[in-house]
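So the structure is just underneath, and the comments pick up after that.
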Amino acid sequence: MKGIRVVGGIPLNGEVRIQGSKNAALPLMAAALLNKGTTILYGCPKIADVFAMEEILRLLGAKTAWQKHTLEINTEFVTKTQVDEEQGRKMRSSIILLGSLLGRFGEGAVPQPGGCIIGKRPIDLHLEALKKMGAEILENQGQIFAKTTGLKGCRLKFPFVSVGATQNAVLAAVLAKGTTVLEGCSREPEVYALCDFLKKAGAKIEGAGTSRLLITGVEKLHDVEFHVPKDRIAAGTYLCASAITRGACTLLDAPVEEMGAVLEAYKKMGGQYTCNSGKLTLCSFYADRPLEHLQTQVYPGFPTDLQSVFMAVLSVAKGESKITENIFEDRFKTVSQLQAMGARIELEGNTARILPGYLKGTDVTASELRGGAALLVAGLAAQGETYVKNCSYIERGYEDICRDLSMLGAQIFKD
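In terms of my numbering, the sequence shown is residues 82 to 496.
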């Protein structure tokens, strides 16, 4: 996709159904490698990152098939253990394949992970966890090679919370010999979903959803069918689209129980909402208040993935707001593009001061996934027409953001 054109000034109304979660689907697909058989994922999002992970699995020898949003993965005849470099560099999630490959085959190789450029994202925690279980790691010319004569359970405490490192350690531990105790684990819903999936496939995991996981290794996993959770970040994006246009939207299948911090921020901005029978109904007529200090945190705190999208909304609030980014050091890349649209944003270290103002349509460029979504949200409220270039980033996480926003009444068009 080259670009997306947005006509601003139209309050959004109507219903939209929330897609399956990108951040949950990718680890589940990696986990499918652990079972020498068939995995069926229902409600899998058809997004660029999922297609890239599917291609990685196919190149390793897996067979895949789609039926609408159901993805079937058969890994019975997988024999290769080196992840394709081109596909692997497309997303940072490719690193978690290392845990699965080590667990099943005792060896694996992945390229240094890619994805959006929003910070350093060191993978040291991943590699240290695998080493602690008995893996030998070699990094050479942008490739990470790992092998083991047999993974063994261990006790490991993460020095800081990492979603990916937690997932990699879990994937490696389920077929390891003995018991693994992981402390300081991520409590993100996507980690819980991975543990739930693995338990349904025969893994023995205690403590899912907490910061301490106890995993007793098993000899093998079995076939499993699993529903991919709904995407809390996509839901938060459409909540922001409602808020910035002062609209009234209903999000079908929104994972409300995972959106506590987001809904709290929305309420502080003046938004109102009700939850009933899987529907999140938003009334954003008065969602124009500033936020005194919004800080990104690990779950259950406010998600870093929605920081830039909320910044777009706060740029037209009636008062001064402040946002502090505590997760990724380069997540203010979109600020310059919002400023080009008229946003009054001042940066000092990892904190943004957002002054009241208005937005005007212009040409802007997406430089990462969530920042691209933020520019589209800003365009919904801008005077005139906004053209967002480099929208392939957005396709990495949103199945069809133009379709979804159009269903809510937006005038938005793909090139």
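For every residue, glycine included, the Cβ atom is placed at its ideal position computed from N, Cα and C.
Quiz item: How should Q248 be labelled, buried or exposed, when 16 other C-beta atoms within 10 angstroms of its C-beta is the threshold for buried?
Solution: buried
Quiz item: When DSSP builds the beta bridges, which residues end up paired with T331?
Solution: E96 and T362
Quiz item: Do the segment 259-271 and the segment 225-239 touch if we need at least three Cβ pairs shorter than 8 Å?
Solution: yes
Quiz item: Are V255 and L363 close, meaning C-beta to C-beta below 8 Å?
Solution: no
Quiz item: Rounded to a whole number of angstroms, what is the C-alpha to C-alpha distance between K127 and V379?
Solution: 27 Å
Practice problem: Please classify H303: is it buried, with 16 or more other beta-carbons within 10 angstroms of its beta-carbon, or exposed? | Solution: exposed
Quiz prompt | Any C-beta of chain D under 8 Å from that of L419 | solution = Among the chains of the structure shown, chain D does not appear; only one protein chain is present.
Quiz item: With respect to the beta strand (DSSP E) encompassing T151, which residues constitute its N-terminal and C-terminal limits?
Solution: T151 to N155
Exercise. Count the other C-beta atoms from every protein chain shown that fall within 10 angstroms of the C-beta of S243, then say buried if there are 16 or more, exposed otherwise.
Key: buried
Practice problem: Report all residues from its chain with a CB closer than 8 Å to the CB of Y123; omit the five preceding and five following residues, and keep chain order. | Solution: H150, T151, E306, F307, H308 and V309
Quiz item: Among M488, A454 and A463, which has the Cα closest to the Cα of C472?
Solution: A454
Quiz item: Is it a yes or a no for the segment 357-377 touching the segment 401-409, going by three-plus beta-carbon pairs under 8 Å?
Solution: yes
Quiz item: Given 8 Å as the limit, is there contact between the segment 416-426 and the segment 350-367, that is, 3 or more CB pairs closer than that?
Solution: no
Practice problem: Name the two residues that bound the continuous beta strand (DSSP E) containing E466. | Solution: E466 to K470
Practice problem: Pull up the CB-CB distance for E335 and I99, whole angstroms please, since I reckon it's below 8 Å. | Solution: For the sequence presented, residue 335 should be read as Ala rather than Glu. Between I99 and A335 the Cβ distance is about 5 Å, and since that is below 8 Å, they are a contact.
Practice problem: Using beta-carbon positions only, say whether I325 and A462 come within less than 8 Å of one another. | Solution: yes
Quiz item: Can you list, in chain order, the stretches of the beta strand (DSSP E) that have 3 or more residues and sit fully within the segment 139-224?
Solution: 144-148, 151-155, 188-192 and 217-221
Quiz item: In three-state DSSP terms, what is S402?
Solution: strand
Quiz item: Since Y319 is in the alpha helix (DSSP H), which residue starts that stretch and which ends it?
Solution: R313 to I325
Exercise. Just tell me which of S365, K349 and K103 has its CA closest to the CA of L450.
Key: K103
Exercise. Name the residue from Q464, A322 and M488 whose alpha carbon lies nearest to the alpha carbon of V88.
Key: Q464
Self-check item: Inter-residue CB distance, M172 and P194 (contact presumed, cutoff 8 Å)
Solution: 7 Å
Quiz item: Looking at T415 and G442, is the spacing between their C-beta atoms short of 8 Å?
Solution: no
Quiz item: Touching or not, the segment 135-143 and the segment 164-184, by the rule of three or more beta carbon pairs under 8 Å?
Solution: yes
Self-check item: Simplified DSSP state of Y347, which is helix, strand or coil
Solution: helix
Exercise. Assuming L457 and I85 form a contact by the criterion Cβ under 8 Å, report the distance between their Cβ atoms to the nearest whole angstrom.
Key: 6 Å
Quiz item: Span of the alpha helix (DSSP H) holding R451?
Solution: L450 to A462
Exercise. Run the CB neighbour count on E96, radius 10 Å, all protein chains shown included, and call it buried at 16 or more, exposed below.
Key: exposed
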